[in-house]
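Note sheet for the following structure.
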Amino acid sequence: MSERISIVAVSGMREQLQMASMLASVGAVSGNEVVVFLSMNALEYFVKGANQVAPAEGHVGVLLEKKNAPSFKTLFQQAVELGDAKIYPCSMAMDILGVQPADLEPYLSEPLGLTKFLSDASGGQVWSF
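The numbering used here applies: residue 1 is where the sequence shown begins, and numbers increase by one.
Set out below in C-alpha coordinates:
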(Lines of atoms letter the chains of each structure in order from A and count residues from 1; the text may use other names and numbers.)
(Lines give C-alpha, C1' and ligand atoms only; values in the text may rest on other atoms or scores of the structure.)
Protein backbone atom coordinates (compact mmCIF):
# COMPACT_ATOMS: atom_id res chain seq x y z
CA MET A 1 0.00 0.00 0.00
CA SER A 2 1.47 3.34 -0.99
CA GLU A 3 1.55 6.24 1.39
CA ARG A 4 1.64 9.98 0.88
CA ILE A 5 4.94 11.59 1.84
CA SER A 6 4.87 15.38 2.11
CA ILE A 7 8.16 17.25 2.33
CA VAL A 8 8.64 20.91 3.22
CA ALA A 9 12.02 22.22 2.05
CA VAL A 10 12.88 25.68 3.34
CA SER A 11 16.61 25.48 4.06
CA GLY A 12 19.24 26.68 1.65
CA MET A 13 21.88 24.41 3.19
CA ARG A 14 23.32 21.53 1.18
CA GLU A 15 22.75 18.75 3.74
CA GLN A 16 19.11 19.71 4.31
CA LEU A 17 18.35 19.92 0.60
CA GLN A 18 20.20 16.66 -0.05
CA MET A 19 18.23 14.78 2.61
CA ALA A 20 14.92 16.19 1.35
CA SER A 21 15.77 15.13 -2.20
CA MET A 22 16.87 11.66 -1.12
CA LEU A 23 13.61 11.16 0.78
CA ALA A 24 11.63 12.38 -2.24
CA SER A 25 13.43 10.21 -4.79
CA VAL A 26 13.52 7.01 -2.73
CA GLY A 27 9.92 7.52 -1.64
CA ALA A 28 8.73 8.13 -5.20
CA VAL A 29 10.54 5.19 -6.81
CA SER A 30 9.26 2.97 -3.98
CA GLY A 31 5.70 3.58 -5.12
CA ASN A 32 4.68 6.32 -2.71
CA GLU A 33 2.95 9.53 -3.66
CA VAL A 34 5.44 12.31 -2.86
CA VAL A 35 4.68 16.01 -2.62
CA VAL A 36 7.46 18.54 -2.07
CA PHE A 37 6.80 22.15 -1.06
CA LEU A 38 9.77 24.44 -1.87
CA SER A 39 9.82 27.69 0.05
CA MET A 40 12.04 30.30 1.65
CA ASN A 41 15.77 29.77 1.02
CA ALA A 42 15.31 26.48 -0.84
CA LEU A 43 13.35 27.98 -3.74
CA GLU A 44 16.16 30.10 -5.20
CA TYR A 45 18.07 26.98 -6.30
CA PHE A 46 15.23 26.00 -8.64
CA VAL A 47 15.24 29.11 -10.79
CA LYS A 48 16.33 28.21 -14.33
CA GLY A 49 20.04 28.82 -14.76
CA ALA A 50 20.71 29.06 -11.02
CA ASN A 51 24.23 27.78 -10.63
CA GLN A 52 25.05 28.80 -7.08
CA VAL A 53 26.25 26.01 -4.82
CA ALA A 54 24.30 25.46 -1.62
CA PRO A 55 26.63 26.09 1.33
CA ALA A 56 27.57 23.16 3.53
CA GLU A 57 26.67 23.16 7.22
CA GLY A 58 29.44 20.75 8.10
CA HIS A 59 31.87 18.08 7.03
CA VAL A 60 29.31 15.80 5.37
CA GLY A 61 28.13 18.65 3.17
CA VAL A 62 31.67 19.20 1.97
CA LEU A 63 32.08 15.48 1.30
CA LEU A 64 28.86 15.37 -0.75
CA GLU A 65 30.51 17.64 -3.28
CA LYS A 66 33.98 16.09 -3.06
CA LYS A 67 32.65 12.56 -3.56
CA ASN A 68 30.42 13.67 -6.47
CA ALA A 69 27.14 12.60 -4.84
CA PRO A 70 24.17 13.23 -7.13
CA SER A 71 22.99 16.81 -6.60
CA PHE A 72 19.76 17.53 -4.80
CA LYS A 73 18.37 19.06 -8.00
CA THR A 74 19.10 15.84 -9.91
CA LEU A 75 17.44 13.72 -7.22
CA PHE A 76 14.33 15.93 -7.14
CA GLN A 77 14.08 15.75 -10.92
CA GLN A 78 14.43 11.94 -10.82
CA ALA A 79 11.67 11.75 -8.21
CA VAL A 80 9.34 13.47 -10.69
CA GLU A 81 10.49 11.54 -13.76
CA LEU A 82 10.80 8.05 -12.25
CA GLY A 83 8.10 8.08 -9.59
CA ASP A 84 4.90 9.73 -8.46
CA ALA A 85 6.35 12.99 -7.16
CA LYS A 86 5.15 16.55 -7.54
CA ILE A 87 7.31 19.50 -6.56
CA TYR A 88 5.43 22.70 -5.81
CA PRO A 89 7.03 26.12 -5.45
CA CYS A 90 5.56 28.24 -2.64
CA SER A 91 3.48 31.05 -4.12
CA MET A 92 4.37 33.46 -1.29
CA ALA A 93 8.12 32.83 -1.66
CA MET A 94 7.79 33.36 -5.41
CA ASP A 95 6.14 36.74 -4.78
CA ILE A 96 8.86 37.77 -2.31
CA LEU A 97 11.66 36.68 -4.67
CA GLY A 98 9.96 38.20 -7.73
CA VAL A 99 9.97 34.84 -9.52
CA GLN A 100 7.44 33.89 -12.20
CA PRO A 101 6.41 30.28 -12.96
CA ALA A 102 8.24 30.44 -16.31
CA ASP A 103 11.46 31.27 -14.41
CA LEU A 104 11.47 27.89 -12.62
CA GLU A 105 12.87 24.51 -13.61
CA PRO A 106 10.43 22.72 -15.95
CA TYR A 107 9.96 19.69 -13.68
CA LEU A 108 8.34 21.84 -10.98
CA SER A 109 4.55 21.91 -10.80
CA GLU A 110 2.40 25.01 -10.61
CA PRO A 111 2.78 27.29 -7.57
CA LEU A 112 0.90 26.29 -4.44
CA GLY A 113 -0.05 28.06 -1.23
CA LEU A 114 0.80 26.72 2.21
CA THR A 115 -2.87 26.30 3.18
CA LYS A 116 -3.51 23.96 0.24
CA PHE A 117 -0.28 22.06 0.87
CA LEU A 118 -1.17 21.47 4.54
CA SER A 119 -4.69 20.40 3.63
CA ASP A 120 -3.37 17.90 1.09
CA ALA A 121 -0.69 16.63 3.52
CA SER A 122 -3.27 15.64 6.10
CA GLY A 123 -3.15 11.96 7.03
CA GLY A 124 0.30 11.16 5.61
CA GLN A 125 3.92 11.54 6.62
CA VAL A 126 5.18 15.13 6.78
CA TRP A 127 8.92 15.90 6.81
CA SER A 128 10.56 19.30 7.09
CA PHE A 129 14.06 20.31 6.01
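We put the beta carbon where it would ideally sit given N, CA and C, even for glycine. It should be emphasised that the depicted structure is a prediction, and the values quoted were computed from it without experimental measurement.
Could you say if the region 19 to 30 and the region 67 to 82 meet the contact criterion of at least three C-beta pairs nearer than 8 Å? yes
Quick check: the Cα distance between L17 and I87, rounded to an integer number of angstroms? 13 Å
With I178 and F117 assumed to form a contact (beta carbons below 8 Å), what rounded beta-carbon distance in angstroms separates them? Because the chain is modelled from 1 through 129, residue 178 falls outside the range shown and cannot be assessed.
Start and end of the alpha helix (DSSP H) containing A121? L114 to A121
Buried or exposed for L64, please, with buried defined as at least 16 other CB atoms from any protein chain shown within 10 angstroms of its CB. buried
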